[in-house]
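A.B. asks:
Protein chains: 2
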Amino acid sequence: MLSARSADYLETIYLLSLRNDTVGVSQVAAERDVTVPTTRSAIGRLRKDGYVRQERYGKILLTELGRSRAESVYRTHSVIFRFLHDVLGVDAETADTEACKMEHGLSERTRARLVEFLDEQSAPDGTSEAGGAAPASGQ
Amino acid sequence: MLSARSADYLETIYLLSLRNDTVGVSQVAAERDVTVPTTRSAIGRLRKDGYVRQERYGKILLTELGRSRAESVYRTHSVIFRFLHDVLGVDAETADTEACKMEHGLSERTRARLVEFLDEQSAPDGTSEAGGAAPASGQ
DNA sequence: TCACAAAGTAAGTCTGCTCTTACTTTAGCA
DNA sequence: TGCTAAAGTAAGAGCAGACTTACTTTGTGA
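Residue numbers (this note's numbering), protein chains in the order written: chain A, 4 to 142; chain B, 4 to 142.
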């Protein structure tokens, strides 16, 4: 199983891969504000579990499993962010930080309920939209 | 600083202390579904940081610091539970489990916002206050 | 083309949190 | 009063996730 920390690294790699063509160890380290060796061991665990691939001295690539897992984590992150920011009025930076800490505690089922709730809030008259990932903010 | 895990143990000790006059290591272990030695080392960390006191072969006692910290954690837990269960309609068991995982990610400030939100939800017409029916949250 | 900076790797340490196995103390009851 | 079961303690191991320090590889530009 993927630990919360490992999922954080995976999410970071995913977001970096959306705005860069390649992702390196030191990029991930910089983004997460940890050292390169720490990141390296995290990537080692992700590789062992089949979420990423990386050749010696090469770039980091998400596997299909890694990508879908990362998308799921990020989707949950986005939904919690929406709730904290749009509904509770928490400032964007705080909402992002707290969404990051909470995103691993929410099941897919509860996330779906939260999406429904948010859609009702923004369209109380019955018209709803499908909720999806909208990558934009860092984490 | 108190890790999320340590806070979980503290919360368990707090809740046990509400329904029993004394709290022992094995009670905590049973409640958290871990072994006694694991619990013992967790209590060792809490003791080192001044959250609990325990004499050799004695019962576990919360310090003032420990009690107030535990109350804060539990308050957050309860608020998240209320949202998941009462607003989203998540079943009680799932809501409790997920509140447990998310409770460490929410700041006191955001928790206060969530309390306000829930109070508005239960009294949407604005007539809530004055009568004094509002559950006065500590902070 | 080759020197050097940037990126990546290796080795070793520390803490937190989990376990098992084995020992000691406490407390209840026969 | 003494035995025994329950509770607590000790020692030792393993993994995750963080660090530092030191080494190797890659790639770029003078």
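We put the beta carbon where it would ideally sit given N, CA and C, even for glycine. Model, not experiment: these values are computed from the prediction.
(1) Use the C-beta contact count for S6/A: other C-beta atoms within 10 angstroms, 16 or more gives buried, fewer gives exposed.
(2) Let's test the definition: count the other Cβ atoms within 10 Å of the Cβ of G108/A and tell me whether it reaches 16, buried, or not, exposed.
(3) I'd like to check one pair, Y54/A with L68/A: are the Cβ atoms closer than 7 Å?
(4) Leaving out five residues on either side along the sequence, give the residues of the same chain with a beta carbon under 6 Å from the beta carbon of M105/A.
(5) Per DSSP, what are the beta-bridge partners of I46/A in this structure?
(6) By DSSP, does N23/A sit in helix, in strand, or in coil?
(7) Where does Q124/A land, buried or exposed, given buried means 16+ other C-beta within 10 angstroms?
(8) Residues in its own chain within less than 7 Å of R43/A by CB, not counting five upstream and five downstream?
(9) Could you pull the DSSP bridge partners for G124/A from this structure?
(10) In angstroms, rounded to a whole number, what distance separates the CA positions of R59/A and T25/A?
(11) For S81/B, tell me which candidate among M4/B, T38/B, R70/B, E101/B has the shortest Cα-Cα distance.
(12) Report the rounded CA-to-CA distance for I16/A versus T79/A, giving the unit in angstroms.
(13) Using the C-alpha atoms, what's the distance from E119/A back to V90/B?
(14) Compute the Euclidean distance between the alpha carbons of F86/A and L18/A, then round it to the nearest angstrom.
(15) Under a three-way DSSP split, which group does L117/B fall into?
(16) Answer yes or no: does any C-beta atom of chain A fall closer than 7 Å to that of R116/B?
(17) Just list the residues that DSSP pairs L64/B with in beta bridges.
(18) Candidates V39/B, D99/B, H88/B: which alpha carbon is nearest Y77/B's?
(19) Starting from E101/B, find everything on chain A with Cβ-Cβ shorter than 8 Å and list it in chain order.
(20) Given that a residue counts as buried once 16 or more other Cβ atoms are within 10 Å of its Cβ, and exposed if not, what is T38/B?
C.D. replies: By the coordinates alone:
(1) As a working note, residue 6/A is residue 3 in the first sequence. Answer is exposed; the Cβ neighbour count stays below 16.
(2) For the purposes of this step, residue 108/A is identified with residue 105 of the first sequence, where counting begins at 1. That one is buried.
(3) As a first step, residue 68/A is located in the first sequence; it is residue number 65 there, counting from the start. As a first step, residue 54/A is located in the first sequence; it is residue number 51 there, counting from the start. A contact, by the Cβ cut-off of 7 Å.
(4) As a first step, residue 105/A must be located in the first sequence, where it is residue number 102. Taken in chain order, the residues that qualify are I83.
(5) Against the first sequence, residue 46/A aligns to sequence position 43. DSSP lists no partner for I46/A.
(6) As a position in the first sequence, residue 23/A is number 20, starting the count at 1. N23/A: coil per DSSP, three-state reduction.
(7) Position 121 of the first sequence, counting from 1, holds the residue named residue 124/A. Burial call: exposed.
(8) Stepping through the first sequence from its first residue, residue 43/A is reached at position 40. V28.
(9) In the first sequence, residue 124/A corresponds to position 121, counting from 1. Checking the sequence, you will find Gln at residue 124/A rather than Gly. Paired residue(s): none; Q124/A is not in a bridge.
(10) Position 56 of the first sequence holds residue 59/A. Position 22 of the first sequence holds residue 25/A. Roughly 15 Å between the two C-alpha positions.
(11) Here residue 81/B is taken as the residue at index 78 of the second sequence, counted from 1. Comparing Cα positions, the closest option is E101/B.
(12) Within the first sequence, the letter at position 13 stands for residue 16/A. Within the first sequence, the letter at position 76 stands for residue 79/A. Whole-angstrom Cα-Cα distance: 16 Å.
(13) Here residue 90/B corresponds to residue number 87 of the second sequence, with the count starting at 1. Here residue 119/A corresponds to residue number 116 of the first sequence, with the count starting at 1. Rounded to whole angstroms, V90/B to E119/A spans 11 Å at the Cα level.
(14) Translated into positions along the first sequence, residue 86/A becomes position 83. Translated into positions along the first sequence, residue 18/A becomes position 15. Cα-Cα distance, rounded: 21 Å.
(15) Translated into positions along the second sequence, residue 117/B becomes position 114. Residue state, collapsed to three classes: helix.
(16) Taking the second sequence and counting its residues from 1, the one referred to as residue 116/B is at position 113. Closer than 7 Å: yes.
(17) For the purposes of this step, residue 64/B is taken as the residue at position 61 of the second sequence. Looking at the DSSP assignment, L64/B forms a beta bridge with R56/B.
(18) Sequence index remark: in the second sequence, residue 77/B carries index 74 (1-based). It is D99/B.
(19) What you label residue 101/B is simply residue 98 of the second sequence in a count that begins at 1. What E101/B touches in chain A: G108, L109, S110, T113.
(20) What you label residue 38/B is simply residue 35 of the second sequence in a count that begins at 1. Under this definition T38/B is an exposed residue.
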